[in-house]
Amino acid sequence: MAWRELGKKSIHASLSRLLTPTTSRHTALSSSFSGLELKSSSPSTQCIRESHLFHTTPQLLGRRGDRDDTVGLQTHKKGKFKKRPENAKPPVEAPYIPPKLKKPTKSSTDKTIEIFEGMTTLELAQRCGQSVAMLQNILVNVGEKIGSEFDPLGIDIAELIAIEVGVNVKRLYSYEGSIVLPRAPVVTVMGHVDHGKTSLLDALRQTSVAAKEAGGITQHLGAFVVSMPSGASITFLDTPGHAAFSAMRARGAAVTDIVVLVVAADDGVMPQTIEAMSHARSADVPIVVAINKCDKPASDPERVKVQLASEGLPLEEMGGDVQVVEVSAVTKTGLDRLEEALLLQAELMDLKARVDGAAQAYVVEARLDRGRGPLVTALVKAGTLVVGQHVAVGAEWGKIRAIRDTSGKPTNQATPAMPVEIEGLKGLPMAGDDITVVDSEERARMLSVGRKKKMEKDRLRKMNEEKLSLSGTESFSEENENDSVPERVELPIIVKGDVQGTVQAVTDSLKSLNSPQVFVNVIHVGVGPICQSDLDLAQATGACIVGFNVRTPPHSVTLAAAQANIKIKVHRVIYHLLEDIGNFIVEKAPGTYETEVAGEAQVLNIFELKGRSKSKGDDVKIAGCRVMDGQVMRSSTMRLLRSGEVVFEGCCISLKRETQDVETVQKGNECGLVLRDCFDFQIGDVIQCLHQVNKKPKFISSESGAVRIEC
């Protein structure tokens, strides 16, 4: 037994010796190859990452589909072939849609650059976005010598170059080395129509301008210098309050230092009051509120203050910085407090202006005088305007022949914040243009020609844009053929006025009367009386001539207009003008046809005619009716209703009252009628008589003066 036990142990030991080296060698190889895996990434090393795959061949390893870590040895599997179903449709080719071109966010015509005296050609080229060589070619064309790109340019030459490039300019002036002195404040009086703006100015300067105005309302932009009791001078701009003169109010707010917002204590905040506040805010101008008509029994200043605060105006009483003064233009109470508030606001602003050098002025208004030619009411902003200087005003130019103050007295020069009337221009500029003093007549003429060319280019570009937008709408309407587009007629109009500002206001108001049925086309505007040339243009274009604040045309012109069937409408009040033109537009409108119920009849009895001969026709059914409402007409379309539902609709072939054929049966009468191809009458049915009605648009005028045409 001992021998057997010893034999078992020896066998067990020998087996252990045989197995142990193999396992250790396998472990050592596994550890050595794991180290090789970190150093090399070749396919041969990747084949021996795991010990149990060490003996496999690369082909067998590549066939393993359950391992993703083998690179370069995998074979591609063949996918299953899918049979196309029999009912499958072929792919549809989508139409090619070209990509939309990205338009530049801002074109060169809308770009505005700042220019100043002494800027170099290189600076101007960088601001215009053009090369220096191109600007030098323009310099040669305007007759200037070409120097270095660092040579200074005059401000006029810089503007000419910018005009040729096609960009807008804004002139900057330097005050270095100039004499700067305090100046009087420029105050613009704004507010709603008939709130007492002109009456308040009359009380301040002790005049009676409001009593001389047509219709009792202001229709021009006036400038006055008022010497206050304290000895200070204030320049006032009086603006119209009617809705049609929005552009005038915007110009007044743009040139002013302080805005006096006049609100009637018995009327409160109105639409033009809110508009005046928005103009002042957009111009970043401080506001002083004057609550007028406080002497009236129905006045309520506290209600006005609450309304102003609700519109976002920070009043002093409520912790804001806007001063509020209660005044009365009739009893002249509170005027001293208004003067004190204006002078206090001006002192806080520390208003100063350059006195020497070329003047900067602004066109307030422009009119045409028969004896003196074009006259411009201007307000000097800086510098001194002297008689004999050459000026470029917008697209016009000229030499100052005379300067008159607000009282009509001639003067040799105009200082800052001084409104004057200039005489000597070759043409009539637009209200709001800047007055530029130039060195010579040639330079003034060159600026005028360049600006006219740019204005014409901008006008043509705007017309092209309008045509493109119109063609787009037409193509859209052609696509929607089911939508009924009403007929639209064109009404050409020629506008003549006394001053440039009112002409612009009337033109804007007339364009606001456009409707889907009538297109108001202002083909020509001008300042001055109605003359024979206007009549010739109206006869050639079939236009209507509208005159505002102009004298009645001579008898020869009136007679020629009557013979040529040309309408001339002359008015002095904007209310009457807009109302007259609005009614004229309504007459010209084609209108829209709508179906309306002219009358209703109830079936009381039914009669049948049978056994008629072939000459008399087939059997007929006659509905005996009584007209309950309106009237029944034989020529109209009939609609048969039963329990509120339409049973039949057709024409009436016979309508009789007693034994006579009639065309119309009025309410309360009985009749018999026969409808074509209708034999299904029942007692109690309702027969409606339908007819087409041409509905014209309506002219609507609001309390604020705004007008529109409602179709």
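Residue 682 in full-length UniProt numbering is what sits at position 682 of the sequence shown, and the numbering runs on without skipping anything. We put the CB at the ideal spot given by N, CA and C, even for glycine.
Indicate whether G547 and I568 have their beta-carbon atoms separated by less than 8 Å.
yes
With a Cβ-Cβ cutoff of 8 Å, do T198 and D156 count as a contact?
no
Euclidean distance between Cα positions of G268 and K511:
30 Å
Compare the beta carbon distance of C651 and T664 with 8 Å and say whether it is the shorter of the two.
no
Residues that Q413 bridges to, as DSSP identifies them:
V386
Short check: CB of D534 to CB of I494, under 8 Å?
yes
Can you give the beta carbon distance from N521 to E490, rounded, assuming they're within the 8 Å contact cut?
5 Å
Mind checking residue 716: buried by the 16 CB within 10 Å criterion, or exposed?
For the chain, the structure presents residues 1 to 711; residue 716 sits outside this window and is missing.
With contact counted as at least three CB pairs below 8 Å, one residue from each stretch, are the stretch 254-268 and the stretch 278-287 in contact?
yes
Whole runs of the beta strand (DSSP E) within the stretch 103-146, excluding any shorter than 3 residues:
112-116
What does a CB cutoff of less than 8 Å around I161 pick up in its chain, not counting 5 residues either side in sequence?
L124, C128, L135, I138, L139, V142, L153
In whole angstroms, give me the CA-to-CA distance for V597 and D508.
40 Å
Closest residue to F519 among N549, V573, V586 (Cα-Cα distance):
V586
I need the boundaries of the beta strand (DSSP E) containing K352, first residue and last residue.
352-354
Roughly how many angstroms separate the alpha carbons of I403 and G501, rounded to a whole number?
21 Å
Taking its Cβ as the centre, do 16 or more other Cβ atoms sit within 10 Å of T331, making it buried, or is it exposed?
exposed
Roughly how many angstroms separate the alpha carbons of A540 and K696, rounded to a whole number?
28 Å
Determine, using beta carbons only, whether A378 and I435 come nearer to each other than 8 Å.
yes
Within this structure, are the beta carbons of T415 and V355 separated by less than 8 Å?
yes
Given a cut-off of 8 Å on the beta-carbon distance, is the pair A366 and L428 in contact?
yes
Could you check the C-alpha separation between T552 and R488 for me, to the nearest Å?
32 Å
Given E579 as reference, the closest of S440, A353, A309, K698 once Cα atoms are compared:
K698
Cβ shell of A298 (< 7 Å), same chain only, five flanking positions each side left out
D266
Compute the distance between the beta-carbons of V380 and V437, then report whether it is under 8 Å.
no
Considering only C-alpha positions, which residue in the set V132, E149, E144, V167 is nearest to I115?
V167
Near D629, what residues of its chain come up, given a Cβ to Cβ distance below 8 Å and the 5 sequence neighbours on each side ignored?
G599, E600, K667
In whole angstroms, give me the CA-to-CA distance for P590 and P516.
10 Å
Tell me the residue span of the beta strand (DSSP E) that contains V289.
287-292
Counting only the same chain and skipping the five closest in sequence on each side, list residues whose C-beta sits under 8 Å from that of S328.
N292, K293, C294, D295, G334
Three-state secondary structure (DSSP) at P301?
helix
The alpha helix (DSSP H) with Q272 in it runs from where to where?
271-282
Does DSSP put E347 in a helix, a strand or coil?
helix
Any idea what DSSP makes of F584, helix, strand or coil?
helix
For the beta strand (DSSP E) containing G624, name the first residue and the last one.
620-633
Please state whether the Cβ-Cβ distance between V627 and I683 is less than 8 Å.
no
Take H691 as the anchor and find which of V632, H524, A431 has the nearest alpha-carbon.
V632
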